[in-house]
Amino acid sequence: EITHIIKKSSWKPKSSILRHVNKARNEGLRTVALQPLACHAALAGFKRVKNYAFNFSETHLVQQVELFSNEFHCFGVIDNDDRVCAAILEAQVNSVKLLLAWDQSEWGKTYSSVDYLLYSRIDSAFSAGMEYVDMGTVSDNGRIIREGLVRHKENFSATPYLRNTYRLDLDR
């Protein structure tokens, strides 16, 4: 699979991302911590509307966050009416922040809420001493590369890397 990683020393988002961040801020959007169930509901709903896969069951997500509360976190962008416009699930391993899943509502897209959320979480990771942010893969099931997603991640100055991926079933 191809993953995109941002190194702290080379992080320089494109001007279009900075414009999107300012647009979201000017609209009153703000980043907040989300409870696991709220994060799951938002991500599952956003992805269902787009017919995208979301491989975390509600039970699995809650278990991961509870078992690894220092490593797994959920955040979102909310508007002035406290509606969740975008959500993200992230994990921290040593000096790497892993952005596991994110998406936005159609309404949130109007205000570039996912760009605001990603920028906020990447900035927070680097401010907290992380050296790398892994933005994840750019393919569906490891086969079909989503070119729009590649460009989007590169707008955050992410560099593509080829990696082998292995799956371990922890439920057994």
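Going by the working numbering, the sequence shown opens with residue 3, and the numbers climb by one from there.
Think of the CB as a built atom: it goes at the ideal place given N, C-alpha and C, for glycine as much as any other residue.
Just so we're clear, the structure is a prediction, and the values are computed from it rather than from any experiment.
Cβ-Cβ distance between residue i and residue j below 8 Å
{"i": "L101", "j": "D136", "result": "yes"}
{"i": "A38", "j": "V79", "result": "Residue identity differs from the one stated: residue 38 is Pro in this sequence, not Ala. Cβ atoms of P38 and V79: not closer than 8 Å."}
{"i": "L45", "j": "A89", "result": "yes"}
{"i": "F158", "j": "I8", "result": "yes"}
{"i": "H22", "j": "D117", "result": "yes"}
{"i": "Y134", "j": "K16", "result": "no"}
{"i": "A103", "j": "E73", "result": "no"}
Pick from the options that is closest to residue i, judged by C-alpha positions
{"i": "L91", "options": "N57, K10, V51, R21", "result": "N57"}
{"i": "R148", "options": "V116, Y54, L170, V98", "result": "Y54"}
{"i": "K52", "options": "L172, E156, E108", "result": "E108"}
{"i": "V86", "options": "V95, I146, Q106, R27", "result": "Q106"}
{"i": "K14", "options": "G110, G150, S114, F128", "result": "F128"}
{"i": "F77", "options": "A35, S115, Y113, L31", "result": "A35"}
{"i": "L31", "options": "F48, D83, I19", "result": "D83"}
{"i": "A75", "options": "M132, K99, T61", "result": "In the sequence on display, residue 75 carries His and not Ala. Among M132, K99, T61, the Cα nearest to that of H75 belongs to K99."}
{"i": "T61", "options": "V140, K49, C41", "result": "C41"}
{"i": "E29", "options": "K111, I4, E156", "result": "K111"}
{"i": "V95", "options": "M132, G47, G138", "result": "M132"}
Element boundaries [alpha helix (DSSP H), containing residue i]
{"i": "K155", "result": "149 to 156"}
Run of the beta strand (DSSP E) containing residue i, from where it starts to where it stops
{"i": "L164", "result": "161 to 164"}
{"i": "K9", "result": "4 to 9"}
Problem - Segments of 4+ residues assigned as alpha helix (DSSP H) that fall wholly inside the region 20 to 62 - result: 38 to 52, all fully within the region 20 to 62.
Handout entry: Uninterrupted beta strand (DSSP E) stretches inside the region 59 to 146 (no shorter than 3 residues)
Key = Within the region 59 to 146, complete beta strand (DSSP E) segments of at least 3 residues are found at 74 to 80, 86 to 95, 98 to 106, 134 to 139, given in chain order.
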